[in-house]
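J.: Numbering (the working numbering), first residue to last: 7 to 212.
Every residue, glycine too, gets a C-beta built ideally from N, C-alpha and C.
As the structure is a prediction and not an experimental result, all values here were calculated from the model.
1) Name the DSSP bridge partner or partners of residue 204?
2) Is the beta carbon of residue 78 closer than 8 Å to that of residue 46?
3) Can you name, in chain order, every residue of its own chain whose Cβ lies under 7 Å from the Cβ of residue 200, other than the five neighbours on each side?
4) Can you tell me the Cβ-Cβ gap for residue 181 and residue 74, rounded? I've got them flagged as a contact below 8 Å.
5) Any idea what DSSP makes of residue 147, helix, strand or coil?
6) Can you confirm whether the segment 101-110 touches the segment 130-149 when touching is taken to mean that 3 or more C-beta pairs between the two stretches lie within less than 8 Å?
7) Sort out for me which residues DSSP pairs residue 103 with in a bridge.
8) Can you grab the Cα-Cα spacing for the pair residue 12 / residue 114, in whole Å?
9) In this structure, does DSSP put residue 8 in helix, strand or coil?
10) Which term fits residue 10, buried or exposed, when burial requires 16 or more other beta carbons within 10 angstroms of its beta carbon?
11) Are the CB atoms of residue 177 and residue 109 nearer to each other than 8 Å?
12) Using 10 angstroms around the beta-carbon of residue 16, count the other beta-carbons present and answer buried if the total reaches 16, otherwise exposed.
13) So residue 169 and residue 122 are supposed to be a Cβ contact under 8 Å. How far apart are they, rounded?
14) Could you tell me if residue 92 is buried or exposed, where buried requires 16 or more neighbouring beta carbons within 10 angstroms of its beta carbon?
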């Protein structure tokens, strides 16, 4: 796929949106001024269809979907358990591009979560144990005290993954690529997944 000053041309788009995502992601990774190129907005809804959104970090992507890890007792995880329909947005303004994803979130296998947890820094592992994500924190000193206790408890020992922490994979149904254009005539190309797993794409008005 070639991206030029005239925009994202219809006849230049690959039939596989994940390959396009990979090209754009590699591009933003090369921009040193972008502190968190893996940052993505995750939008969920509660049981009354009230939306909420937050930034999470993409840890891996493949044809299977987009993966991130979190506390499974957090608000986002609770809402996903009730309603797995979610949306992602990658805001890559430094390269004048954006990717929007609609899909179904699924909880990843324990073995996958174990493997990723083992690769994290010891400090991050302890943090996962000590943070009751989305719960009310009376005072930050309470959290720091928990961390100190955890450090002493597991000094010189391997830290296991807490059962309330794991991975979530967003399996995409729709992926839209947006690229900035002159005079606000932006380029938008939307891919929708078919029942047989192939993708159909259309060009959208700005």
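T.: On the basis of the supplied data:
1) Indexing the chain shown from 1 puts residue 204 at position 198. Note: residue 204 is not bridge-paired with any residue in the DSSP secondary-structure output.
2) Walking along the chain shown from the start, residue 46 turns up at place 40. Walking along the chain shown from the start, residue 78 turns up at place 72. Their beta carbons are not under 8 Å apart, which means residue 46 does not touch residue 78 by this criterion.
3) Numbered from its first residue, the chain shown carries residue 200 at position 194. For residue 200, where only same-chain residues beyond five positions count, the Cβ hits under 7 Å are 206.
4) Here residue 181 is taken as the residue at index 175 of the chain shown, counted from 1. Here residue 74 is taken as the residue at index 68 of the chain shown, counted from 1. With 8 Å as the limit, residue 181 and residue 74 do not qualify as a contact, their Cβ atoms being about 16 Å apart.
5) Counted from its first residue, the chain shown places residue 147 at position 141. Here DSSP, grouped into helix, strand and coil, assigns residue 147 to helix.
6) no
7) Taking the chain shown and counting its residues from 1, the one referred to as residue 103 is at position 97. Per DSSP, 98 and 185.
8) The residue you call residue 12 lines up with position 6 of the chain shown. The residue you call residue 114 lines up with position 108 of the chain shown. Unreliable positioning characterises residue 12 in this predicted model, as indicated by a pLDDT of 48, which lies under 50. The coordinate reading is nonetheless provided below. Rounded to the nearest angstrom, the two C-alpha atoms are 41 Å apart.
9) Within the chain shown, numbered from 1, the residue matching residue 8 stands at position 2. At residue 8 the pLDDT is 40, less than 50, meaning the model places this residue with poor confidence and gives no usable figure here.
10) Along the chain shown, one-based indexing puts residue 10 at 4. Confidence at residue 10 is low in this model, with a pLDDT of 42, below 50, so its placement is unreliable and no value can be given for it.
11) As a position in the chain shown, residue 177 is number 171, starting the count at 1. As a position in the chain shown, residue 109 is number 103, starting the count at 1. Against a cut-off of 8 Å, the Cβ pair of residue 109 and residue 177 comes out as a contact.
12) On the chain shown, residue 16 is found 10 positions in, with the first residue counted as 1. Low local confidence applies: a pLDDT of 46 at residue 16 is under 50, so the model's placement there is unreliable, with the coordinate-based value given in what follows. By the neighbour-count criterion, in which 16 or more other beta carbons inside 10 Å mark a residue as buried, residue 16 falls on the exposed side.
13) The residue labelled residue 169 in the question sits at position 163 within the chain shown. The residue labelled residue 122 in the question sits at position 116 within the chain shown. Not confirmed; about 15 Å, so no contact.
14) Looking up residue 92 in the chain shown gives position 86. Counting other Cβ atoms within 10 Å of its Cβ, residue 92 reaches 16 or more and is therefore classed as buried.
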